[in-house]
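Chains as they are written, first to last, in full-length UniProt numbering: chain A, 1 to 325; chain B, 1 to 325. What follows is a short report on a single structure.
Protein chains: 2
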Amino acid sequence: MTTLKDIAKHANVSVATVSKYLSLDLAVKKETEARIQAAIKELGYVPNVVAKALKRKETFNVAVIVPKINNLYYSEITSGISQTLGKQHYNLFIYEVDQLNLDEGEILQLMRENMIAGIIFIGLFSDESFKESIRAAVEWEIPVVYANRYISFDGFPLLYPDLVQASKLGTAYLASKGRRRIALVHKRLPDRLLELFAKGYRQAIEEDGEPLLVAIEEGMELSESVIPALAENRIDGVFVLNELSAVYLAKALTKANIRIPEDMAVLSLGNSLISQISTPELTCIDLQNRELGIRSAEIILSQIRKQAFKPVTVLEPSIVERGSV
Amino acid sequence: MTTLKDIAKHANVSVATVSKYLSLDLAVKKETEARIQAAIKELGYVPNVVAKALKRKETFNVAVIVPKINNLYYSEITSGISQTLGKQHYNLFIYEVDQLNLDEGEILQLMRENMIAGIIFIGLFSDESFKESIRAAVEWEIPVVYANRYISFDGFPLLYPDLVQASKLGTAYLASKGRRRIALVHKRLPDRLLELFAKGYRQAIEEDGEPLLVAIEEGMELSESVIPALAENRIDGVFVLNELSAVYLAKALTKANIRIPEDMAVLSLGNSLISQISTPELTCIDLQNRELGIRSAEIILSQIRKQAFKPVTVLEPSIVERGSV
DNA sequence: TTGTATGCGTTATCAA
DNA sequence: TTGATAACGCATACAA
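Here it is, written out as structure tokens:
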């Protein structure tokens, strides 16, 4: 392993000179520069980031804490993060919490041990314990970002899509296609979030009225069981607040000879590959997952660099038409 | 930040004693132990892994080099890796090469800079440049594993599914369901791999004969264009060697009023979510992606620990029946 | 423009 | 059973 010391000796200068030259905070004579560069080339010098981190008390490693990575929602966000971090020469650690089942204390310990420069928490919004993790990290002054769904702001930057707007957009779109009785189908969402969707619904529908909320479980059979409720209420358009559930519901509807979109319009929340390959392909609200990741990374980097950053970032959803509405 | 020094002072012992005690290579007196433990608790000591790495010249960080992470094939493997590494208290770095477009030199530099303990290369089998990356890493004595498809062994451990067996299994299954004229549909596979599938086909079909090989592009329209060729050859069963292509072909067949499986059996290679949510759901050959990841991680750890490891690991595929054959 | 010296937090060698 | 001390590779305060 070639070190600065070797370079210094080979170039007949001091270690400090080489170090400062490489850190760009020292202008050296043309001739010295040439000798240093020659030494670096000849000896094949590669800087040791670990030593640098120890000295500087700061790494270039950012951790992503995610429930699981083999899921298009999470991996899309993560890919966005990776893209931004890579450009800025930061490394990306991944910790899958579902797999490793780490508690808050263990996560914090891991971060501190490894001198993680910043942490991006994705998801886990149904679990309250993650909030403790974040709080603990904040307490130790580790830059933190939370990206997923709206949660109450609590002293760390938040990023999430505008679900009210998503709901409004979706509902209005269904209405514009002549749908008069629209249901919001959800997969066990917390009330806090359901209320956001209901709000968007109300904004889109001029007449007073509340949406029909239908809870659904994932899977073919479970989706079938929800069809009678839709029929009873003479629903002609569903906005399914979970992409996979939307696909299964579409399957169940087709199986029950309910045509999409003629008899029932199906709108899905989320625009991953699965809406595309569903039969029929599903019109959906795109929540901008990759962008969510990109922006999360930007904010964590701003924090690390002690620059200003927005405490709350709300992403604007958009609609992707595919004919299921 | 609390350091060993602080602990030592607080417990009235030397730094060396604390260090060795914590590394489990020193038995100390019960009383000393109690004092050390008390100090650790009181001061909230967290070991500094970075300093440890510098001293030991070895990190606990493993890098995964992957084309992209937002793809179920890659993320499933990665999740398997994450699972195994996590249990062994190793950290996982992710580098998305498609995103960052790093060349071989840059990858190696990154690995050396960060003192990466081992590298797992996934995929990129169509690209020859990755082989240079691997070779460079091997040259620098960094433990390496390659996981994806069969490539010629070249001095580093390989992991891949048994594609001949997969093809044999699939073909035999199609035949067992009464299919007499079977085509292998592939998405621009290199000849090297096509030959493996042809071999498996031959092993399954007793009579002499070669499979009809049909090249296909991904996407609905492109899949449609392949249907005439299937009709001309009176094909009654297709084994599609790419999961996404299988889904699109199934769509195209349905649209062309060709019933699955009555008129055409469709078998897919790969068992991610998309085969499950396709309409109809696709019977497939499971290539054991998660297991591939788990085993890759095990082998990289063996290398890191200077233990014996298998140079080649071949995974046995299995069939998952869903009624499309 | 360059060099000397110290220390980041840990492990490891040697001695006690 | 314990301690003193020298590295690991680098950055930086201070000198020259």
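Yeah, the Cβ is synthetic: ideal placement off N, Cα and C, and Gly gets one too.
(message) Helix, strand or coil for B:Thr32? Go by DSSP, reduced to three states.
(response) By one-based count along the second sequence, residue 32 of chain B stands at place 32. Helix.
(request) Could you tell me which residues DSSP puts in a beta bridge with A:His186? (result) On the first sequence, position 186 is the one that residue 186 of chain A refers to. According to DSSP, which records beta bridges pairwise, A:His186 is partnered with A:Ala215.
(request) Using a Cβ-Cβ cut-off of 8 Å, state whether A:Val50 counts as contacting chain B. (result) Taking the first residue of the first sequence as 1, we reach residue 50 of chain A at position 50. Interface flag for A:Val50 against chain B is set, since a Cβ pair is found closer than 8 Å.
(message) Do A:Ile277 and A:Ile319 have their beta-carbon atoms positioned less than 8 Å apart in this structure?
(response) Taking the first residue of the first sequence as position 1, residue 319 of chain A is located at position 319. Taking the first residue of the first sequence as position 1, residue 277 of chain A is located at position 277. Result no, Cβ atoms of A:Ile319 and A:Ile277 do not sit closer than 8 Å.
(message) Please list, in chain order, the chain A residues whose beta carbon lies closer than 7 Å to that of B:Lys68.
(response) Taking the first residue of the second sequence as position 1, residue 68 of chain B is located at position 68. Within chain A, Ser79 have C-beta atoms less than 7 Å from the C-beta of B:Lys68, given in sequence order.
(message) 8 Å is my cut-off, CB to CB: does A:Leu92 come that close to chain B?
(response) Locating residue 92 of chain A in the first sequence gives position 92, where the first residue counts as 1. Taking Cβ atoms only, chain B reaches closer than 8 Å to A:Leu92, which makes this a yes.
(message) What does DSSP give as the partner residue(s) for B:Pro161 in the beta ladder?
(response) For the purposes of this step, residue 161 of chain B is identified with residue 161 of the second sequence, where counting begins at 1. DSSP output for B:Pro161 lists B:Leu315 as bridge partner(s).
(message) Among B:Thr3, B:Asn271, B:Ala63 and B:Glu76, whose alpha-carbon lies nearest the alpha-carbon of B:Lys52?
(response) Residue numbering aside, residue 52 of chain B sits at position 52 when the second sequence is read from its first letter. Minimum Cα distance to B:Lys52 is reached at B:Thr3.
(request) Whole angstroms is fine: what's the gap from B:Leu194's alpha carbon to A:Lys41's? (result) Within the second sequence, numbered from 1, the residue matching residue 194 of chain B stands at position 194. Within the first sequence, numbered from 1, the residue matching residue 41 of chain A stands at position 41. Cα-Cα distance, rounded: 44 Å.
(request) Could you list which residues in chain A have their beta carbon closer than 7 Å to that of B:Ala53, in chain order? (result) As a first step, residue 53 of chain B must be located in the second sequence, where it is residue number 53. Within 7 Å Cβ-Cβ: Val50.
(request) Consult DSSP for B:Asp191 and reduce its assignment to one of helix, strand or coil. (result) As a working mapping, residue 191 of chain B is identified with position 191 in the second sequence. Reduced to three states, the DSSP call for B:Asp191 is helix.
(request) Could you tell me if B:Arg180 is buried or exposed, where buried requires 16 or more neighbouring beta carbons within 10 angstroms of its beta carbon? (result) Taking the second sequence and counting its residues from 1, the one referred to as residue 180 of chain B is at position 180. Exposed is the call here.
(message) Taking DSSP's pairing of strands, which residues face A:Asp286 in a bridge?
(response) Residue numbering aside, residue 286 of chain A sits at position 286 when the first sequence is read from its first letter. Beta-bridge pairing links A:Asp286 to A:Ser318.
(message) Going by beta-carbon coordinates alone, are B:Phe239 and B:Leu184 separated by less than 8 Å?
(response) On the second sequence, position 239 is the one that residue 239 of chain B refers to. On the second sequence, position 184 is the one that residue 184 of chain B refers to. It is a contact, given that the beta carbons lie within the stated cut-off.
(message) Counting only Cβ pairs nearer than 8 Å, list the residues of chain B close to A:Glu76.
(response) On the first sequence, position 76 is the one that residue 76 of chain A refers to. Contact annotation for A:Glu76 against chain B: Asn70 [CB-CB distance below 8 Å, chain order].
(request) Taking C-beta pairs closer than 7 Å, name the residues in chain B that A:Lys251 reaches, listed in chain order. (result) Counting from one through the first sequence, the residue named residue 251 of chain A turns up at place 251. Taking the beta carbon of A:Lys251 as reference, the chain B residues within 7 Å of it are Thr279, listed in sequence order.
(message) By the three-class DSSP mapping on this structure, what secondary structure does B:Phe93 have?
(response) Position 93 of the second sequence, counted from the start, is the residue given in the question as residue 93 of chain B. B:Phe93 falls in the strand class under three-state DSSP.
(request) Note down, in chain order, each residue of its chain lying with its Cβ closer than 6 Å to the Cβ of A:Ser133, except the 5 sequence neighbours on either side. (result) Here residue 133 of chain A is taken as the residue at index 133 of the first sequence, counted from 1. Counting only residues of its own chain and dropping the five nearest sequence neighbours on each side, A:Ser133 has a CB closer than 6 Å to the CB of Glu104 and Ile107.
(message) Let me confirm a value: B:Leu26 is counted as buried when at least 16 other C-beta atoms fall within 10 Å, else exposed. Which label applies?
(response) Position 26 of the second sequence, counting from 1, holds the residue named residue 26 of chain B. Exposure of B:Leu26 is indicated by the presence of fewer than 16 other C-beta atoms within 10 angstroms of its C-beta.
(request) Could you pull the start and end residues of the alpha helix (DSSP H) that A:Gly209 belongs to? (result) As a first step, residue 209 of chain A must be located in the first sequence, where it is residue number 209. Here A:Gly209 belongs to no alpha helix (DSSP H), and DSSP marks it neither H nor E.
(message) By the three-class DSSP mapping on this structure, what secondary structure does A:Phe197 have?
(response) The residue given as residue 197 of chain A occupies position 197 in the first sequence. In this structure, A:Phe197 counts as helix in the three-state DSSP scheme.
(message) Just to confirm before moving on: does the CB-CB distance between A:Glu204 and A:Ser324 stay below 8 Å?
(response) By one-based count along the first sequence, residue 204 of chain A stands at place 204. By one-based count along the first sequence, residue 324 of chain A stands at place 324. Contrary to the premise, residue 204 of chain A reads as Ala rather than Glu in this sequence. Cβ distance not < 8 Å, so A:Ala204 and A:Ser324 don't count as in contact.
(request) Could you tell me which chain B residues have their CB closer than 9 Å to the CB of A:Ile304, listed as they occur along the chain? (result) Locating residue 304 of chain A in the first sequence gives position 304, where the first residue counts as 1. Under the 9 Å cutoff, chain B gives no residues; its nearest Cβ is about 16 Å from A:Ile304.
(request) Kindly identify the DSSP beta-bridge partner or partners of A:Phe239. (result) As a working mapping, residue 239 of chain A is identified with position 239 in the first sequence. The partner list for A:Phe239 (beta bridge, DSSP) reads A:Leu184 and A:Leu267.
(message) Taking 8 Å as the threshold (beta carbon to beta carbon), is B:Gln37 in contact with chain A?
(response) Translated into positions along the second sequence, residue 37 of chain B becomes position 37. Not one chain A Cβ lies under 8 Å of B:Gln37.
(message) Any beta carbon of chain A sitting closer than 8 Å to that of B:Val314?
(response) In the second sequence, residue 314 of chain B corresponds to position 314, counting from 1. No, because no Cβ of chain A sits closer than 8 Å to the Cβ of B:Val314.
(request) Using the DSSP secondary-structure output, state which residues sit across from B:Asn101 in a beta bridge. (result) Here residue 101 of chain B refers to the residue found at position 101 of the second sequence. According to DSSP, which records beta bridges pairwise, B:Asn101 is partnered with nothing at all.
(request) Determine the DSSP secondary structure at A:Tyr150, reduced to helix, strand or coil. (result) In the first sequence, residue 150 of chain A corresponds to position 150, counting from 1. In this structure, A:Tyr150 counts as coil in the three-state DSSP scheme.
(message) Which runs of the beta strand (DSSP E) at least 3 residues long sit entirely within the region 118 to 144 of chain B? Give them in chain order.
(response) 118 to 122
(request) Please work out which residues of its chain come closer than 6 Å, Cβ to Cβ, to A:Val145, disregarding the five sequence neighbours upstream and downstream, and give them in chain order. (result) Position 145 of the first sequence, counted from the first residue, corresponds to residue 145 of chain A. So the list reads Ile120, Pro157, Ser296, Ile299 and Ile300, once near-sequence residues are dropped.
(request) Please confirm if residue 332 of chain B has its CB atom under 8 Å from at least one CB of chain A. (result) The question about residue 332 of chain B has no answer here: the residues shown for chain B are numbered 1 through 325.
(message) Could you check whether the Cβ of A:Asn114 sits closer than 8 Å to any Cβ belonging to chain B?
(response) Here residue 114 of chain A refers to the residue found at position 114 of the first sequence. Using beta-carbon distances, A:Asn114 counts as an interface residue toward chain B, with a partner under 8 Å.
(message) In whole angstroms, give me the CA-to-CA distance for A:Ala136 and B:Arg305.
(response) Taking the first residue of the first sequence as position 1, residue 136 of chain A is located at position 136. Taking the first residue of the second sequence as position 1, residue 305 of chain B is located at position 305. In a straight line, the C-alpha of A:Ala136 is about 34 Å away from that of B:Arg305.
(message) Relative to the C-alpha of B:Asn289, which candidate in B:Glu76, B:Leu43 and B:Ile65 has its C-alpha closest?
(response) Within the second sequence, residue 289 of chain B is the residue found at index 289, counting from 1. Selected option, being the one with the closest Cα: B:Glu76.
(message) Taking a contact to mean a Cβ-Cβ separation below 8 Å, would you say A:Lys131 touches A:Asp98 in this structure?
(response) On the first sequence, position 131 is the one that residue 131 of chain A refers to. On the first sequence, position 98 is the one that residue 98 of chain A refers to. Taking 8 Å as the Cβ cut-off, A:Lys131 and A:Asp98 do not qualify as a contacting pair.
(request) Pick helix, strand or coil for B:Ile7, following the three-state DSSP scheme. (result) To locate residue 7 of chain B, count along the second sequence from 1; it is residue 7. B:Ile7 falls in the helix class under three-state DSSP.
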